[in-house]
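Read through the structure below, which is laid out as structure tokens, and then see the notes.
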Amino acid sequence: MAQVEAVAERIITAKPDDVFDALADYNGTREKLLSEHFSEYEVREGGDGQGTLVHWKLQATSKRIRDCLLDVSEPTDGELVEKDRNSSMVTTWTVTPAGEGKSRVVVTTVWNGAGGIGGFFEKTFAPKGLGRIYDSVLGNLAAEVEK
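For the sequence shown, the numbering used here assigns the number 4 to the initial residue and increments by one for each residue that follows.
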């Protein structure tokens with residue numbers, strides 16, 4: 004099994020603390036940021052960053068639906084990590100300053116891919132598809148915090 008990685012990033016015209024707070028607000032803002040690829044959103048514990056347990060289904064393709072149950076941690080300032088209890092998938096959101104009143108948001112998801120020919124196709128195509136999904140989420144985040 005090879006590790007698969009998908010990355011997306013965006014500069015957002017808002018203060019890093021405001022951007023991070025929006026991402027970490029699982030009880031309110033976060034659900035509004037998700038694209039049509041996400042369904043069955045439910046906060047099961049917590050709801051504000053560290054200690055949150057959140058569930059959703061992610062439909063990456065017409066045939067591929069991933070049932071995610073995510074433990075949220077904040078290992079460092081500006082970093083939000085979502086570890087899926089149902090798979091090896093880990094998503095890290097990093098928010099850093101990008102000049103006066105701007106933030107750089109990078110979202111990176113890694114997981115252990117399949118082996119063989121299926122793994123080859125997964126490693127080749129899944130990062131692009133997931134990157135497009137996260138581009139949409141980052142666009143929604145920008146629209147939410149750049150008000």
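All residues carry an ideal CB built from backbone N, CA and C; glycine is no exception.
Counting along the chain, the unbroken alpha helix (DSSP H) around T32 starts and ends at 32–36. L36 places its beta carbon less than 8 Å from that of V140. Spatial neighbours of G49 in its own chain (CB-CB distance under 8 Å, excluding positions within 5 residues in sequence) are listed in chain order as Y29, T55, L56, V75.
A distance below 6 Å between beta-carbons, with the five flanking residues on each side excluded, links L26 to the following residues of its chain, in chain order: L83, W96. Counting along the chain, no beta strand (DSSP E) covers D20; the unbroken alpha helix (DSSP H) around it starts and ends at 19–27.
Taken through DSSP and simplified to helix, strand or coil, N115 comes out as strand. Of the other Cβ atoms in all chains shown, fewer than 16 fall within 10 Å of the Cβ of P78; this residue is therefore exposed. Contact between S42 and N143 is absent: CB atoms are separated by about 15 Å, not below the 8 Å threshold. Only exposed fits P100, as fewer than 16 other CB atoms lie within 10 angstroms of its CB.
Counting C-beta atoms within 10 angstroms of its own C-beta, T94 has 16 or more neighbours from the protein chains shown and is therefore classed as buried. Taking 8 Å as the upper bound for CB-CB distance, T16 and G81 are not in contact here, some 17 Å apart. One thing to note: G134 has its Cβ within 8 Å of the Cβ of A9.
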